[in-house]
Amino acid sequence: EALAAQAEQRDAQAAEARAQEAADALAQAIAERDAAQAALADAGEAADALAQAIAERDAAQAALAGAGHDAELLARAEAAEAAFAEADISLAGALERAETAERALAEARGGFEEVHELRGALDAERAARAELEQELAETREALLALQRQASRRSRASALPDWGAPARPEPPALPPLDVVAAQARAMSHAAPATPDGPPPGFTEDALTELDAALAAPSPPRAAARAVLNAVGTATGWHAGALWSQTEDGDLSCTETWSAYMSGLEAWETMSWRTRVEDGVVAGAVETGEPAASDTEEMLACPRSRAASWAELGTLAAAPVVGPDGRTLGVLELARRERGHVDQDLLVALADIATRLGFRLHGIELELEEQGPRWELNARA
């Protein structure tokens, strides 16, 4: 619809340009008509001069006949002949200019009619565009109403526990060097060989993910469901959801690691890491998914923490809501190094978009339910 509106706007601008060209042509034709009328007036004066010259010539000839070829009268006759020829030439030029002006005036009249037609078409296009904009606004309002209705239905099927206590403050984290040592030590706790290749995004996996996102849940639960589904389906070993704060910074909202992966220390480091660069920040800036080898970006604290935990590859996809806002970034990590397939990045972006739609729905629920629902959302 936005592309159609832009196309209609370009057509309207082109119609206005053609109307302006026709108006300029009309003004030029009117100026040429005035010039032709002036030329006709000059032609009249030339005709008068011609008549006078003819009279003088006749008088001169009569005088010559009566005076026996008087030299002075002969000169006057010759001058009259020259004036006659010059007046004839001026008259021919004036007539030609008059005909040109008449043709230009006729063309200008046709252009003036085209201007009226173009202006009428432009007004009709503007009216149609206004109707389309009104229809688009009504469609957006209807979509938001349907989202609110779906949220109310999902809450009606499973009411939350309003008496749930608030989540206590997390305990103080150990120093960074201790956590790094724990990450290196616990990275060997994973099984030596995997059970088999990851199954990929099957229809059943996507159905289960959509069902998990449709259930009433706080943002962290929705993020954990997505991280677990993506990691299980595509073989990632750990992940995190980064959300944008009111100041525009990225803060860790939820972490996840595969069973027996030994990456609990890496999860702990995620909560205390400040993201300023790397693939996570790049996903926010570009709006596109990306991946990188951790050894190639050791200057980035996030990549350095992954390298300490012997993780080889990081990937990130922006979490975008239905209104186009970037709500956060979905980050995934795996031990293997190497190129990440572009199709996999596209699939990760699709899953991140599903999460973005769910987080947007949770925002609507928070606006409707107020502090009681928000208290439960933090649990």
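Everything in the sequence shown is counted per this note's numbering, starting at 1028 for the first residue and increasing by one. All C-beta atoms in this analysis are idealised placements derived from N, C-alpha and C, irrespective of residue type, glycine included.
Exercise. Roughly how many whole angstroms lie between the Cα atoms of A1239 and T1380?
Worked result: 15 Å
Exercise. Looking at the structure shown, is V1306 part of a helix, part of a strand, or coil, going by DSSP?
Worked result: helix
For this session: Figure out for me which residue from H1366, S1297 and M1287 has the closest Cα to the Cα of E1323.
Result: H1366
Exercise. Are A1104 and R1084 closer than 8 Å when you measure CB to CB?
Worked result: yes
Exercise. How about V1253 and L1359: do their beta carbons lie closer than 8 Å?
Worked result: no
Exercise. If you draw a straight line from the C-alpha of V1142 to the C-alpha of A1031, how long is it?
Worked result: 25 Å
Exercise. Can you tell me whether DSSP reads A1039 as helix, strand or coil?
Worked result: helix
Exercise. Ordered along the chain, which non-local residues of its own chain (more than five positions away) have a Cβ less than 6 Å from that of R1182?
Worked result: Low local confidence applies: a pLDDT of 46 at R1182 is under 50, so the model's placement there is unreliable, with the coordinate-based value given in what follows. So the qualifying residues of the chain are P1243.
For this session: State whether the segment 1348-1356 contacts the segment 1373-1387, with contact taken as three or more CB pairs (one from each stretch) at a distance under 8 Å.
Result: yes
Problem set entry | Closest residue to D1276 among A1250, A1086 and V1307 (Cα-Cα distance) | V1307
Exercise. Could you check where the alpha helix (DSSP H) with P1246 kicks off and where it finishes?
Worked result: P1246 to T1261
Exercise. Looking at the structure shown, is L1290 part of a helix, part of a strand, or coil, going by DSSP?
Worked result: coil
For this session: Mind checking who G1355 pairs with in its DSSP beta bridge?
Result: S1270 and V1346
Exercise. Taking just the CA atoms, how far does A1318 sit from T1282?
Worked result: 18 Å
Problem set entry | Local Cβ density within 10 Å of T1220, reported as buried at 16 or more and exposed below that | Here the model assigns T1220 a pLDDT of 45, short of 50, so the residue's position is not dependable, and the following value carries that caveat. When all chains shown are included, T1220 counts as exposed.
Exercise. Quick one: what does DSSP say A1034 is sitting in, helix, strand or coil?
Worked result: helix
For this session: State the beta-bridge partners of W1283 as determined by DSSP.
Result: Partner residues in the beta bridge of W1283, as assigned by DSSP, are G1266.
Exercise. Between Q1369 and R1361, what straight-line distance do the alpha-carbon atoms span, to the nearest angstrom?
Worked result: In a straight line, the C-alpha of Q1369 is about 16 Å away from that of R1361.
Exercise. Do T1290 and A1265 have their CB atoms nearer than 8 Å?
Worked result: Reading off the sequence, residue 1290 comes out as Leu, not Thr. Contact: yes.
Exercise. Are the segment 1138-1157 and the segment 1064-1072 touching, with three or more C-beta to C-beta distances below 8 Å?
Worked result: no
Exercise. How many angstroms separate the CA atom of E1043 from the CA atom of L1354?
Worked result: 41 Å
Exercise. Per DSSP, D1320 is paired with what?
Worked result: Residue pairing by DSSP places D1320 opposite T1340 in a beta bridge.
Problem set entry | The alpha helix (DSSP H) enclosing R1329, as first and last residue numbers | P1328 to W1335
Exercise. Straight-line CA distance for A1054 to Q1036?
Worked result: 27 Å
For this session: Please determine, among T1295, G1138 and Q1088, the residue with the shortest C-alpha to C-alpha distance to A1336.
Result: Ranked by Cα distance from A1336, the options T1295, G1138 and Q1088 are led by T1295.
Exercise. Does the beta-carbon of I1116 have 16 or more other beta-carbons within 10 angstroms, so that it is buried, or is it exposed?
Worked result: exposed
Problem set entry | Inter-residue Cα distance where the pair is T1272 and S1278 | 7 Å
Problem set entry | A1080 vs L1118 beta-carbon contact at 8 Å | Judged by beta-carbon spacing, L1118 lies beyond the 8 Å limit of A1080, meaning their Cβ atoms are not closer than that value.
Exercise. Three-state secondary structure (DSSP) at L1325?
Worked result: coil
Problem set entry | Residue closest to L1386, alpha-carbon to alpha-carbon, out of Q1088, L1375 and R1352 | R1352
Exercise. Along the chain, which unbroken stretches of the beta strand (DSSP E) at least 3 residues long are found entirely within the segment 1054-1099?
Worked result: none
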